[in-house]
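Enquirer:
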Amino acid sequence: MKRQRFSTEQIVAVLKQAELGMPIADLIRRVGITEQTFYRWKKQYAGLESDQVRELKQVVEENARLKRLVAELSLDKAVLQDGAIKKVSRPALMKQVVDYVVASHGYSQRRACRLTQQHRSTQRKPSTRDPRTAVRQRMHEIVATRIRYGYRRVHVMLKREGWSVGRNVVYRLYREEGLVLRTKQPRRRKMLVHREARCRPQRPNEAWSLDFVHDQLSGGEKFRMLTVVDIFSREALAIEVGQRLRGEHVAEVLNRLVRQRGAPRYLFADNGGEFTGRVVDLWAYHHNVRIDFSRPGKQTDNADIETFNGSLRDECLNVHWFRSIAEARRLIEGWRREYNESRPHSALGNLTPAEYLAGSGIWPAPIGAGQAGN
């Protein structure tokens, strides 16, 4: 559980209520923690008074204020040393630099204009450039039917249709619309293209969804969890816990699941380096599995695993105060089994994944190693 969920003052207040005679069972249920977490709080914070907590909080806030002051003094120098600002000469392009400084460094527009020597009237003046909406729309229509076309071929198609537009303009619009494709990639990595509609699984073991969840122990050490969910049956296939999980660990977990139930046809994942790396890509190539990556910033592309991660954090991670990685593995694995065997799912008609699969009669028997799963 993240330590920011309960402040020190809140923990001391909870312990004071227990000292005043409130039953511990009622107290932990109202606060939303386990009995184990309560006694760990008692061991660590017993004896603290509200005045001591307040003084400690004032010291922490003063240190944070001094750190912000030092960071603010050095921020202008870091922004001025940015090579991108030195290379910009046109005021129209400097508008993008000012917007970048405001968005990335938290500057106000006035301060960003003063730092980049951009006049505020120039920054505020609306652009009179033609947005070329019709050309942009036609470019989207072309690349939707011709997935591997670059901007040069798109320009040729536009010229054939009678559009009076130069190649440089097409290149600029092509990049602004996010239509750029990687040209130097192996054939098997064409699965990185996201212009095709995503598949909708019709049976279990057809599509799995993967993602990482981050948390930390009671002592502050961070760890990660790899979650794997069957999209059709909503079954939690695996939750791998470790401090440093890389692409090799992802392939190891997938191999273990393949030995138990066979390989899926699709994997849904985000664009993290663990999933886009060569190890997972090679695994998918050998198992004839297509990886469907989410679009940047579009969490709804992988909504099933995001919903599962929310349940994991709300029902397990926020309830326990893990003391070690071994304890986290044990408690999280117990929650995963409860999620599959006893927790009702509204999307499955208030059935558990095990009850749903048992009643559907379509779940195949476990498939041994070397057999195809689809």
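For the sequence shown, our numbering assigns the number 8 to the initial residue and increments by one for each residue that follows.
In this text, a Cβ means the ideal position worked out from N, Cα and C, and glycines have one as well.
What are the boundary residues of the beta strand (DSSP E) that Arg231 is part of?
Expert: Lys229 to Asp237
Enquirer: For Arg202 and Tyr114, I'd like the C-alpha separation in whole angstroms.
Expert: At Arg202 the pLDDT is 46, less than 50, meaning the model places this residue with poor confidence; the figure from the coordinates comes in the next sentence. Each residue's alpha carbon lies about 36 Å from the other.
Enquirer: Are the Cβ atoms of Ala214 and Pro271 separated by less than 8 Å?
Expert: yes
Enquirer: Hey, how far is the Cα of Gly269 from the Cα of Arg36?
Expert: 42 Å
Enquirer: Kindly indicate the opening and closing residues of the beta strand (DSSP E) around Phe329.
Expert: Careful: Phe329 lies outside any beta strand (DSSP E) and carries neither H nor E.
Enquirer: Measuring only the C-alpha atoms, how far is Leu217 from Phe275?
Expert: Cα to Cα, the separation comes out at about 6 Å.
Enquirer: Have a look at Gln144 and Val67 and give me their C-alpha separation to the nearest angstrom.
Expert: 54 Å
Enquirer: Using only the alpha-carbon positions, how far apart do Asn262 and Ile332 sit?
Expert: 23 Å
Enquirer: As a quick exercise: from Arg336, Ile339, Trp328 and Arg350, pick the residue whose alpha carbon is nearest that of Lys50.
Expert: Trp328
Enquirer: Return helix, strand or coil for Trp215, following the three-state DSSP convention.
Expert: strand
Enquirer: By how many angstroms is the C-alpha of Asp308 removed from the C-alpha of Gly6?
Expert: Because the chain in this structure spans residues 8 to 381, residue 6 falls outside the shown range and cannot be described.
Enquirer: State the DSSP-derived secondary structure class of Asp222, mapped to helix, strand or coil.
Expert: strand
Enquirer: Does Gly39 pass the burial test, meaning 16 or more other C-beta atoms within 10 Å, or should it be called exposed?
Expert: So Gly39 ends up on the exposed side.
Enquirer: From Asp321 to Met232, what distance separates their C-alpha atoms?
Expert: 15 Å
Enquirer: Which residues share a DSSP beta bridge with Gly249?
Expert: Arg231
Enquirer: Where does Leu165 fall in DSSP's three states?
Expert: helix
Enquirer: Can you tell me whether Met183 is buried or exposed? The criterion is at least 16 other CB atoms within 10 Å of its CB, across all chains shown.
Expert: Sequence check: residue 183 is Glu here, not Met. With fewer than 16 other Cβ atoms within 10 Å, it is exposed.
Enquirer: Spell out the partners DSSP gives Asn243 in its beta bridges.
Expert: The question names Asn, yet the displayed sequence has Ala at residue 243. In the DSSP output, where bridge partners are listed per residue, Ala243 has Val236.
Enquirer: Since Glu242 and Val248 are thought to touch, with beta carbons under 8 Å apart, how far apart are those beta carbons, to the nearest angstrom?
Expert: Going by Cβ atoms, the distance from Glu242 to Val248 rounds to 18 Å, so no, they are not a contact pair.
Enquirer: Under DSSP, the beta strand (DSSP E) around Asp299 begins and ends at which residues?
Expert: Arg297 to Phe300
Enquirer: Count the other CB atoms, across all protein chains shown, that sit within 10 Å of the CB of Ile31; report buried if there are 16 or more and exposed otherwise.
Expert: exposed
Enquirer: Give a yes or no on whether the C-beta atoms belonging to Arg330 and Leu224 are separated by under 8 Å.
Expert: yes
Enquirer: May I have the straight-line CA-CA distance separating Val257 from Asn325, to the nearest angstrom?
Expert: 25 Å
Enquirer: Provide the residue span of the beta strand (DSSP E) that contains Ala20, from first to last.
Expert: No beta strand (DSSP E) holds Ala20; the alpha helix (DSSP H) holding it covers Thr15 to Glu26.
Enquirer: Tell me which residues share the same chain as Tyr178 and place their Cβ nearer than 7 Å to its Cβ, disregarding the 5 neighbours each side in the sequence.
Expert: Tyr158
Enquirer: Can you give the Cα-Cα distance for Asp299 and Val187, rounded to whole angstroms?
Expert: Linking Asp299 to Val187 through their CA atoms gives a straight-line distance of about 18 Å.
Enquirer: With a threshold of 8 Å on Cβ separation, who are the neighbours of Gln250 within its own chain once the five nearest residues in sequence on each side are excluded?
Expert: Closer than 8 Å at the Cβ level, and outside the excluded window around Gln250, lie Glu228, Lys229, Phe230, Arg231 and Ile332.
Enquirer: Can you say whether His221 is buried or exposed, counting buried as having 16 or more other CB atoms within 10 angstroms of its CB?
Expert: exposed
Enquirer: Determine the direct distance from the alpha carbon of Glu348 to that of Leu22, and round the result to whole angstroms.
Expert: 35 Å
Enquirer: So, with DSSP's three-state summary, where would you put Tyr46?
Expert: helix
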